[in-house]
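If you count by the numbering used here, then the sequence shown holds residues 46 to 237, one letter each, in order.
For each residue, glycine too, the CB sits at the ideal point set by N, CA and C.
Down below is the structure, laid out as structure tokens.
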Amino acid sequence: MAETPKFKLHLALVHFPVYNKAREIVASSVTTLDVHDIARICRTFAVESFYVVTPLRAQQELVNRLVQHWVTGYGAEYNPTRKEALLSTRVIGRLDEVVEDIRRRFGEAPKTVVPDAKPFPQSLPYEAMRGEIKKGGQFLFLFGTGWGLEKNLIHEADYVLSPIDGLSGFNHLPVRAAIAIILDRLLTEQGK
């Protein structure tokens, strides 16, 4: 049986504030496939909470309907593993509400971690971030949708992770693939 870690990871899939292709700040659309897949990734890596962050009421209702179907509806009987994965999914309108929810539930505010496809002067290598996580505490990973997180979220984060480097120079991964790669690199022996 795996040892219980002294840290807790939380993940927010942020749909606002993000950029569109024209670099305008927008609210991007929720993709239900992302919700399913990211919930499964979070469960695999023992992520405590998965937040879908959108201020759009219709998008919140869509995600809540999806989660309820698989957690309490017919879907819960049909696919118990999907139910297990989606149990930690929460829909929240704003990032400050996510931080407050974690503070209320766990007694401390999380440190924010932003992975980004671009390098920043303060970007931290995975090995260094792994060391920070092992010290313990609450960590909230912010993953952007659309064309990326609004720049102030990056600048205000406690940590910015180095980009994922592939072999071709192409660096435009789907968010759910990036999440799986990053969590594997940070949390498993194979990721070292």
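Which value, in whole angstroms, describes the spacing of the CA atoms of Phe165 and Phe186?
In the sequence shown, counting from the first residue as 1, residue 165 sits at position 120. In the sequence shown, counting from the first residue as 1, residue 186 sits at position 141. For Phe165 and Phe186, the distance between alpha carbons rounds to 17 Å.
Output the residue ranges of the alpha helix (DSSP H) runs that lie fully inside the region 78-161 and measure 4 residues or longer, sorted by chain position.
102-116, 119-123, 125-131, 140-151
Same chain, Cβ closer than 7 Å to Asn109, five either side skipped, listed in chain order:
Reading the sequence shown from its first residue, position 64 is the one you call residue 109. So the list reads Val136, once near-sequence residues are dropped.
Can you tell me the Cβ-Cβ gap for Gln104 and Val75, rounded? I've got them flagged as a contact below 8 Å.
Along the sequence shown, read from residue 1 onward, the residue named residue 104 stands at position 59. Along the sequence shown, read from residue 1 onward, the residue named residue 75 stands at position 30. Indeed they touch by this definition, with Cβ atoms about 5 Å apart.
Run through the region 49-74 for me and flag every whole beta strand (DSSP E) of 3 or more residues, listed as ranges in chain order.
52-59
What would DSSP say about Leu187, mapped onto helix, strand or coil?
For this step, residue 187 is matched to residue 142 along the sequence shown. Strand at Leu187.
Same chain, Cβ closer than 7 Å to Val116, neighbours up to 5 away in sequence not counted:
The count along the sequence shown starts at 1 and reaches residue 116 at position 71. Contacts found: Lys128, Leu131, Leu132.
Put Pro219 into one of helix, strand or coil per three-state DSSP.
On the sequence shown, position 174 is the one that residue 219 refers to. Residue state, collapsed to three classes: coil.
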